[in-house]
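First up is the structure itself, then whatever we jot down about it.
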Amino acid sequence: MQLLYFGWVRTQIGVSSENIEPPPEVSDVYALIEWLKQRSDLYQHALNDLSSVRVAVNQEVADFSMSISPDDEVALFPPMTGG
Amino acid sequence: MIKVQQEDFDVSKEIKQLTKTNLQIGGLACFIGLVRDMGYGETVKSITLEHYPGMTETQLKWLEYEARSRWPLKEVLIIHRVGTLQLGDQIVLVVSASAHRKAALESCHFLIDWLKTKAPFWKQETTNSETRWVSARYEDEVETQSWDTSSNSSNK
């Protein structure tokens with residue numbers, strides 16, 4: 020699974036992208052985030068407050084309840100500030 | 023038409039390009055966003071715009087599609103710059119062209135409101151002492167949502 024991070028989520032986690040192989044029980048975005056938070060304090064800190072985190076699955080804005088599979092591209096980022 | 027680019031844009035050239043091929047355009051509305059000092063404490067020297075290549079273009083095309091489905095538009099142009107920009111630099115250009123002013127003006131307003139919260143760009147400010155991420159404004163979200171409920175007379 021390809022993970023991408025943008026904005027302060029990227030700077031807090033310390034990488035802009037990574038390939039991961041989460042266990043099969045990680046079947047939605049919420050479970051993925053919980054699994055990431057177990058990996059290190061960096062993830063724990065960056066993803067602690069989900070009210071300020073947004074998600075896209077395969078480049079489309081999604082909910083935390085969105086199902087995901089190993090071939091997906093999942094991006095985590097703060098609310099957008101374009102314009 | 024959608025363009026995501028590092029380089030600056032020339033508004034007058036872009037508008038001429040847009041209008042010369044479509045003689046049904048009766049008027050166009052244009053919004054230009056500039057880098058400004060937000061005024062939170064220390065003076066901002068520059069900002070850096072990060073984006074999500076691929077998703078950015080898809081989202082901007084979808085915004086154009088939404089505007090065209092709500093108003094009778096002849097042309098739509100969105101140019102959004104990325105990378106490091108200085109105070110006063112142009113960041114974004116939105117042009118809506120229609121036969122009449124109302125559709126052009128309303129759709130231009132709609133596009134820049136939606137772009138603020140639905141296009142994957144993130145701004146980082148640099149001052150003399152620090153670099154910090156710009157937080158999303160609650161007001162921008164409210165203004166985006168207002169287009170979901172308000173009725174558009176030109177859309178009938």
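Going line by line, the protein sequences match chains A and B. Count the first sequence with the working numbering and you get residues 20 to 102, in order. Count the second sequence with the working numbering and you get residues 23 to 178, in order. We treat Cβ as the ideally placed atom computed from N, Cα and C, and that holds for glycine. Remember, predicted model here, so these are calculated numbers, not experimental data.
Beta-carbon separation (whole angstroms), residue i vs residue j, contact threshold 8 angstroms
i	j	result
K25(B)	I134(B)	Not a contact, Cβ separation roughly 15 angstroms.
I47(B)	L107(B)	With a Cβ gap of about 30 angstroms, I47(B) and L107(B) do not count as contacting.
M20(A)	P89(A)	5 angstroms
L22(A)	S36(A)	6 angstroms
A65(A)	I39(A)	With 8 angstroms as the limit, A65(A) and I39(A) do not qualify as a contact, their Cβ atoms being about 15 angstroms apart.
E163(B)	T139(B)	6 angstroms
Under 9 angstroms by beta carbon: chain A residues contacting residue i
i	result
A158(B)	S71, P97, P98, M99, T100
A141(B)	M99, G101, G102
K83(B)	None at all; the shortest Cβ gap to chain A is about 12 angstroms.
I134(B)	G102
Under 7 angstroms by beta carbon: chain B residues contacting residue i
i	result
W54(A)	Simply none; closest approach about 22 angstroms.
G26(A)	E72, W144, W155
Separation of residue j from residue i, as counted between CA atoms
i	j	result
V28(A)	V34(A)	9 angstroms
S129(B)	P42(A)	46 angstroms
S176(B)	F132(B)	Any reading at S176(B) needs caution, since the residue's pLDDT is 43, under 50, leaving its predicted position unreliable; the model's value is listed next. Cα to Cα, the separation comes out at about 13 angstroms.
S34(B)	Q28(B)	18 angstroms
N174(B)	E165(B)	Only weak support is given to the placement of N174(B): the predicted model assigns it a pLDDT of 48, under 50, and the value that follows is read from those uncertain coordinates. Distance between the alpha carbons of N174(B) and E165(B) is about 15 angstroms.
F25(A)	V76(A)	14 angstroms
K38(B)	A141(B)	26 angstroms
T43(B)	E97(B)	10 angstroms
F96(A)	R73(A)	5 angstroms
F53(B)	S46(A)	43 angstroms
A51(B)	V117(B)	6 angstroms
S120(B)	P94(B)	7 angstroms
E92(A)	Q78(A)	7 angstroms
D30(B)	V114(B)	9 angstroms
M32(B)	G102(A)	One detail in the question is off: residue 32(B) reads as Asp in this sequence, not Met. Cα to Cα, D32(B) sits roughly 17 angstroms from G102(A).
E79(B)	E64(B)	34 angstroms
Contact set between residue i and chain B, taken where Cβ atoms lie within less than 8 angstroms
i	result
Q57(A)	Those within 8 angstroms of Q57(A) in chain B number zero; the least Cβ separation is about 25 angstroms.
Cross-strand partners of residue i (DSSP beta bridge)
i	result
C52(B)	V117(B)
V98(B)	S118(B)
N38(A)	Q21(A)
D47(A)	S86(A)
Where residue i meets chain A, residues with beta-carbon distance less than 8 angstroms
i	result
K67(B)	Under the 8 angstroms cutoff, chain A gives no residues; its nearest Cβ is about 18 angstroms from K67(B).
K138(B)	M99, T100, G101, G102
Under 9 angstroms by beta carbon: chain B residues contacting residue i
i	result
A94(A)	Y74, M77, P142
7 angstroms Cβ cut-off: residues of chain A touching residue i
i	result
T80(B)	Q78
- prompt: What are the residues of the region 102 to 128 of chain B that lie near chain A, defined by any Cβ-Cβ distance shorter than 8 angstroms?
  reply: Only H102, I113, V114 from the region 102 to 128 of chain B bring a Cβ to less than 8 angstroms from some Cβ of chain A.
Within 7 angstroms of chain B by C-beta, residues of the region 72 to 93 of chain A in sequence order: Sequence-ordered contacts of the region 72 to 93 of chain A with chain B read A75, Q78 [C-beta pairs closer than 7 angstroms].
Residues from the region 44 to 63 of chain B in contact with chain A, defined by Cβ distance under 8 angstroms: G55
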